Amino acid sequence: MKKPKKVFIDGPISPEFVANSIQKHQSKTSIGAHSLFLGQIRADEVDGKVVKGIEYTAYEDMANKVFHEIREATFEKYELSCMHIYHSLGFVPTGENSLLVFVSAPHRTVVFEALAWLVQEIKDKAPVFGKEIFEDDSHQWKENV
Amino acid sequence: MKKPKKVFIDGPISPEFVANSIQKHQSKTSIGAHSLFLGQIRADEVDGKVVKGIEYTAYEDMANKVFHEIREATFEKYELSCMHIYHSLGFVPTGENSLLVFVSAPHRTVVFEALAWLVQEIKDKAPVFGKEIFEDDSHQWKENV
Amino acid sequence: MATIKYFGMLAEATGLQEERMALEPQAVSTLKQLLLEKHPTLMGKDFRIAVNQELGDDNRMVSDTTEIALLPPFSGG
Amino acid sequence: MATIKYFGMLAEATGLQEERMALEPQAVSTLKQLLLEKHPTLMGKDFRIAVNQELGDDNRMVSDTTEIALLPPFSGG
Chain E
40 MKKPKKVFID GPISPEFVAN SIQKHQSKTS IGAHSLFLGQ IRADEVDGKV VKGIEYTAYE
100 DMANKVFHEI REATFEKYEL SCMHIYHSLG FVPTGENSLL VFVSAPHRTV VFEALAWLVQ
160 EIKDKAPVFG KEIFEDDSHQ WKENV
Chain F
40 MKKPKKVFID GPISPEFVAN SIQKHQSKTS IGAHSLFLGQ IRADEVDGKV VKGIEYTAYE
100 DMANKVFHEI REATFEKYEL SCMHIYHSLG FVPTGENSLL VFVSAPHRTV VFEALAWLVQ
160 EIKDKAPVFG KEIFEDDSHQ WKENV
Chain Y
128 MATIKYFGML AEATGLQEER MALEPQAVST LKQLLLEKHP TLMGKDFRIA VNQELGDDNR
188 MVSDTTEIAL LPPFSGG
Chain P
128 MATIKYFGML AEATGLQEER MALEPQAVST LKQLLLEKHP TLMGKDFRIA VNQELGDDNR
188 MVSDTTEIAL LPPFSGG
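Chains as they are written, first to last, in this note's numbering: chain E, 40 to 184; chain F, 40 to 184; chain Y, 128 to 204; chain P, 128 to 204.
So, in structure tokens, the structure goes:
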């Protein structure tokens, strides 16, 4: 098994981080299409209280294994040039991003479906846990549906 | 009719430009999902000659009208929070990006389909013309298929 | 005077970005014939004609006040 | 000794990130019963059990050398 790629990032995934990921692809001149997904933290209101951010934890060893498996399955399923997954750990404030999924291919047709599939796989299979923290510091546990 | 949004950009769409677009969404805290498409210039080889970049021209007045119509149709069709289209004019070197399509919504389900649909609409309907320039400065006209 | 614009490989073929021309009211199909005679380098090229920035069929009428554009296959993106 | 890890709301409910425990070879279902008795705050909570970082059914066997994790519903992304 290849060394799993680093997925987890401490805190939000900054716009500069995304820019840097895009930049790194410019030397791969067989790529014609990129598709990116970003998950942003919503200021949801629950019983009159507003979410100020999500605190993420993960079963990291298992998650890294799962990300690796998803990665392998993606390349089996779709003709991609490359793909990257980044997920935040720790606190991510409202309005900032906690997930970046980035797929690239010579032609565009494949990237949209691959991206949608990948995001669903991550939501379904990665042991990551989000605690929504409200402005009064109370919290509730998030659950993917 | 609202004033059409600016779509055309002189030269490549830089990673910093994308970062800046992402940054601008951080105050829109009802957004939970972004999906982005980037079109990157491939170093295609034709009869032994390698593409060094594409020179884009457009029927700008018509293109801006078309982009506006696509924009309106997208909001009719999909429940999006916002969307942005940026397209390069002039020379874009191999490895750099000439198209950015950026859609955002409260939840992720809609963004993938909206993005794929939008990119197809742009390719089909926008009067934009690409001249592939080879390393020996000869050229051929690109054609969307 | 009507304006006739040429784009992409058609601008290259005619050596023109645009030209101005007095036009009797006529169908797009008639104008097309006229332009092919005037610019034989357009012959065999695949193009569509936009009238006042709209695509449509060759029965549309054009006249002196019309903005006409000859558009080769699109290749944006 | 087996390691039992608790995540998310389960770590909150038990007050534990992990604990170590001597385990006779037994089915996951038996262990689950044991843990619910030991930590009544887990009662009624929705969770799955990973054995050596794999999800599966409650017939799987666990023993002293196993890494066990109690996982509440996932909410990454």
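Glycine included, C-beta positions come from ideal geometry on N, C-alpha and C. None of the values given here were measured: they were computed from a predicted structure.
Asked                                                                                                                                                                                     : Found
For Asp191/P, tell me which candidate among Asp184/P, Met170/P, Leu158/P has the shortest Cα-Cα distance.                                                                                 : Leu158/P
Roughly how many angstroms separate the alpha carbons of Pro199/P and Leu150/P, rounded to a whole number?                                                                                : 23 Å
When you compare the CB positions of His146/F and Gly71/F, do they come within less than 9 Å of one another, or not?                                                                      : yes
Taking Cβ-Cβ distances below 8 Å as the criterion, which residues of the segment 70 to 95 of chain E are in contact with chain P?                                                         : Gly78, Tyr95
Cβ closer than 8 Å: which chain F residues qualify as neighbours of Ile128/Y?                                                                                                             : Strictly speaking, residue 128/Y in this sequence is Met, with Ile absent from that position. Those do not exist, as Met128/Y stays about 18 Å from chain F at its closest Cβ, beyond 8 Å.
Counting only beta-carbon separations shorter than 9 Å, does Gln179/F have a partner in chain E?                                                                                          : no
Taking all protein chains shown into account, decide if Thr130/Y is buried (16 or more other Cβ within 10 angstroms of its Cβ) or exposed.                                                : exposed
Taking Ala97/F as part of the alpha helix (DSSP H), name the residues at either end of that continuous run.                                                                               : Unbroken run through Ala97/F is the beta strand (DSSP E), 88 to 97; no alpha helix (DSSP H).
Using a Cβ-Cβ cut-off of less than 9 Å, list which residues of the segment 117 to 128 of chain F approach chain Y; keep chain order.                                                      : His126
Give every residue of the same chain whose Cβ lies closer than 6 Å to the Cβ of Val105/E, excluding the five residues on either side of it in the sequence, and list them in chain order. : Lys164, Ala165
Cα separation between Ile109/E and Val142/E?                                                                                                                                              : 13 Å
From what residue to what residue does the beta strand (DSSP E) around Met122/E run?                                                                                                      : 121 to 132
Could you check whether the Cβ of Val167/F sits closer than 9 Å to any Cβ belonging to chain E?                                                                                           : no
For Asn136/F, count neighbouring Cβ atoms within 10 angstroms of its own Cβ and tell me buried if that reaches 16, exposed if not.                                                        : buried
Residues of chain P with CB under 8 Å from Val158/E, in chain order?                                                                                                                      : Gly204
Based on DSSP bridge pairs, tell me the residues matched to Asp49/F.                                                                                                                      : Leu128/F
When the Cα of Glu182/E is compared with those of Lys116/E, Leu119/E, Leu139/E, Tyr95/E, which residue comes out closest?                                                                 : Tyr95/E
With 9 Å as the threshold, decide whether the Cβ of Ala155/F is near any Cβ in chain E.                                                                                                   : yes
Based on the DSSP output, what are the partners of Gln180/Y in its beta bridges?                                                                                                          : Gln180/Y is not bridged to any residue.
Would you mind working out which of Val155/P, Asp185/P, Gly171/P, Gly204/P sits nearest Ala253/P, comparing C-alpha positions?                                                            : Residue 253/P cannot be examined here, being either before or after the span of chain P that is shown, 128 to 204.
If we define contact as Cβ-Cβ less than 9 Å, is Met170/P a contact residue for chain E?                                                                                                   : no
According to DSSP, simplified to helix, strand and coil, what is Ser66/F?                                                                                                                 : helix
For the segment 169 to 188 of chain Y, which residues have a CB atom closer than 7 Å to at least one CB atom of chain F, in sequence order?                                               : Ala177, Gln180
Is there a Cβ of chain F sitting closer than 9 Å to that of Met136/Y, yes or no?                                                                                                          : yes
Could you tell me which of Ala97/F, Ala155/F, Tyr117/F, Lys162/F sits nearest to Phe130/F, measuring between CA atoms?                                                                    : Ala97/F
Out of curiosity, what's the CA-to-CA distance linking Lys132/Y and Val178/Y?                                                                                                             : 10 Å
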